[in-house]
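Residue numbers (the UniProt record's numbering): 1 to 294. Presented below is the structure to which this report refers.
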């Protein structure tokens, strides 16, 4: 299979349009670039995550381009329409509510569809909450791992964090204010009280601030404060990942569970789960053995 080559500006087929990925301000409207404004004015249509929200931006910059709604709930039905429009020679700009399209926002599936059809995809540089927070955090900026929003359910979130706890690089998460306290508590439970974190709030806006400390500090702060604003969480990587996973133990299944409880202060259910994983068994089988239910 030969590599696919699609030039953005050279040898362009004028009968086929292009998809422009246009970043929008994450708070401060002055971060909108002249190129972004000009692109939104010149394209035939703007595919917007929330047309009402984007209309405020368009009004501010005196942009009169027609909008088409494109969000996570209509992605599958909308993509064929947009591809047909692009093939018909229309240029389309895709925007999310704030920041870069595709980053914790709609966009990836449309780009994928354009790539499959060899339609030009032109990305404009611009605002990004994750990188803005990272470079001002004071934690090691590279390498880093951008995760975005963690799963909302506690069990799924903890399982995800247990896997991420092996990461030695700086990690970036997004979180909403009403879920921040619970997420911080889960981070502290899995990563430990002393892991460094920077809470970056309301970036580029009037009440922008950075709260630096340990996970224990962050939990204590969120317990006392009325949390407001959107957050980017910059979390230090694990300096000793080899100590994170409990070592495999020997003996009967019951003995293995008890040893993890005694040596690593694990809760019974967590120890049962680890023993099941170590022995490639179902958790229920180990649970029954430990509690003498066989």
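Just so you know, even glycine gets a beta-carbon here, dropped at the ideal spot from N, CA and C. Owing to the predicted nature of the structure, the values given are computational and were not obtained by experimental measurement.
Worksheet item: Just to confirm, are residue 21 and residue 84 a CB contact at a threshold of 7 Å?
Response: no
Worksheet item: If we call anything under 7 Å between Cβ atoms a contact, is residue 34 one with residue 127?
Response: no
Item to complete: Note down the Cα distance separating residue 81 from residue 176, rounded to an integer number of angstroms.
Response: 33 Å
Worksheet entry | residue 171, enclosing beta strand (DSSP E) - first and last residue | 170 to 175
Practice prompt. Measure the Cβ-Cβ separation of residue 46 and residue 65 and say whether it is below 7 Å.
Written response: yes
Practice prompt. Within the same chain, show all residues whose beta-carbon is closer than 6 Å to that of residue 132, passing over the 5 residues directly before and after it, in chain order.
Written response: 203
Discussion item. Buried or exposed for residue 207, going by 16 or more other Cβ atoms inside 10 Å?
Written reply: exposed
Discussion item. If you follow the beta strand (DSSP E) that residue 121 is in, where does it begin and where does it stop?
Written reply: 120 to 123
Worksheet item: So residue 68 is in the beta strand (DSSP E); what residue range does that whole segment cover?
Response: 66 to 69
Worksheet entry | Simplified DSSP state of residue 135, which is helix, strand or coil | helix
Worksheet item: Going straight from the alpha carbon of residue 230 to that of residue 174, what length do you get?
Response: 8 Å
Practice prompt. Per DSSP, which residues does residue 24 bridge with? Please list them.
Written response: Answer is 99.
Worksheet item: Skipping 5 residues on each side, what residues in its chain have a beta carbon closer than 8 Å to that of residue 144?
Response: 134, 169, 170, 171 and 172
Practice prompt. Excluding the 5 residues preceding and the 5 following residue 179 in the sequence, name in chain order all residues of the same chain whose CB lies nearer than 8 Å to its CB.
Written response: 152
Worksheet entry | Where residue 239 sits in the DSSP three-state scheme | coil
Fill in: Contact check, residue 48 vs residue 12, beta carbons under 7 Å
no
Discussion item. Just to confirm, is the Cβ distance from residue 50 to residue 97 under 7 Å?
Written reply: Judged by their CB atoms, residue 50 and residue 97 are nearer to each other than the 7 Å cut-off.
Worksheet item: How many whole angstroms separate the CB atoms of residue 110 and residue 79, which I take to be in contact at a CB cut-off of 8 Å?
Response: 6 Å
Worksheet item: Tell me, which residues are paired with residue 228 by DSSP?
Response: Paired residues: none, contrary to the question.
Practice prompt. Write down the C-beta distance between residue 137 and residue 234 rounded to the nearest angstrom, noting that I regard them as a contact closer than 8 Å.
Written response: 4 Å
Worksheet item: Beta-carbon separation of residue 290 and residue 254 under 7 Å?
Response: yes
Worksheet item: Cα separation between residue 73 and residue 108?
Response: 14 Å
Worksheet item: Per DSSP, residue 209 forms a beta bridge with which residues?
Response: 201
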